[in-house]
Amino acid sequence: MTVSFRGLTELTNLSGRVSDRLSHDFPHRFARRATSSLAVALVCLSFGWLGNAFAQEKVSLPSLDTDSRGAPVMIDAYLFRASNATGPTPAVVFMHGCNGMFTRKGKIDSRELDWAHRLNAQGYAVLAVDSFTSRAQPSECARGGPVRPSVERPRDAYGALRYLQSLPGIQPDRIALMGWSHGGGTVLFSIGPASPGRVQDAKPAPDFVAAIAFYPGWCNAKAQGPDWSTHIPLLLLTGADDVWSKPAPCDAFVQEATAHGAPITFHLYPGAVHDFDYPNLPVRSRPEFTNPRTHVVPITGTQPEARDDAIARVTAFLAKAFGK
17 MTVSFRGLTE LTNLSGRVSD RLSHDFPHRF ARRATSSLAV ALVCLSFGWL GNAFAQEKVS
77 LPSLDTDSRG APVMIDAYLF RASNATGPTP AVVFMHGCNG MFTRKGKIDS RELDWAHRLN
137 AQGYAVLAVD SFTSRAQPSE CARGGPVRPS VERPRDAYGA LRYLQSLPGI QPDRIALMGW
197 SHGGGTVLFS IGPASPGRVQ DAKPAPDFVA AIAFYPGWCN AKAQGPDWST HIPLLLLTGA
257 DDVWSKPAPC DAFVQEATAH GAPITFHLYP GAVHDFDYPN LPVRSRPEFT NPRTHVVPIT
317 GTQPEARDDA IARVTAFLAK AFGK
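The C-terminal position of the sequence shown is numbered 340 in the working numbering, with every residue numbered one higher than the one before it.
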């Protein structure tokens, strides 16, 4: 199935309308924005354009992280390009959550696939970074592990940025960063003032032009530092009922960062729990991921209204960041 020109036009028009609406939002506003059924239908149309319209390629790229010998750590990633692209395109780097980016059957997780296909339909390439497999790390959800969101993963993110900038067909100055949970915390560490991913080059390459963090871990002043700020526009989306990535300290952190001039748009979804943007994920407790220190049992699952609104917000945010 191919993407129709009419469908792309409708989605582009929707992006403009939603962008106009978001421009009136306060950066850390706690409010539910109702998404019209027409807007949702048009945005969701993009996910109908799956199948043969998209290409996926496994690649290996050098992280900016190094091993004990000082050599770059090679990591796997999955490159998604829309086959309807007619020239160089913007791109988005994905950073997965604490359980990795694969299902138990070894397939790419439905959340990453869903978002990759949506963004491909909007004319963007996607590079989904696998920080765990190459380091033989299966999961870091319950007890953490050596692949830290504050060190190794920002280096992976910037390695992915440099890799994309070396590819033909990618606009090197129009690349965004997007992550979920553990990967959302990675986004915050990556774009902050003390990012371990940034290196001093003789000829500095363009930085990420935008960042998106879904229900990020480490979204608090204690983890990020009291003077955290960023020059990179950030869209931060989280659930009010998330007991895993708690929203209250995140909101306080965002308010402090925006007071320092950070360009952050924060939205809290009433009734939404962790993983609310997954496609068709039943809401349930996850005792296997219980934190041994706090004994908090995570709850995950789709919240359809929040998911639909997040799709619209991400669509508008990236369109503005990429100048579309």
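We put the beta carbon where it would ideally sit given N, CA and C, even for glycine.
Remark: three or more beta-carbon pairs, one from each stretch, lie closer than 8 Å, so the region 306 to 325 and the region 277 to 292 are flagged as touching. When the Cα atoms are used, S79 and R151 turn out to be separated by approximately 12 Å.
Taken through DSSP and simplified to helix, strand or coil, I248 comes out as coil. With at least 16 other beta carbons inside 10 angstroms of its own, A144 counts as buried. If you draw a straight line from the Cα of L250 to the Cα of T281, it comes to about 6 Å.
In the DSSP annotation of this structure, the continuous segment of the alpha helix (DSSP H) that includes Y179 starts and ends at E168 to Q181. Rounded to whole angstroms, the gap between the alpha carbons of A227 and N115 is 21 Å. Residue pairing by DSSP places F230 opposite W196 and L253 in a beta bridge. Here H290 carries a strand assignment [DSSP, helix/strand/coil].
The region 176 to 187 makes contact with the region 99 to 107, as at least three CB pairs between them are under 8 Å. The three-state secondary structure of E73, taken from DSSP, is strand. Spatial neighbours of R159 in its own chain (CB-CB distance under 7 Å, excluding positions within 5 residues in sequence) are listed in chain order as P308.
Between the region 292 to 301 and the region 118 to 127, the count of C-beta pairs closer than 8 Å reaches three or more; the two stretches touch.
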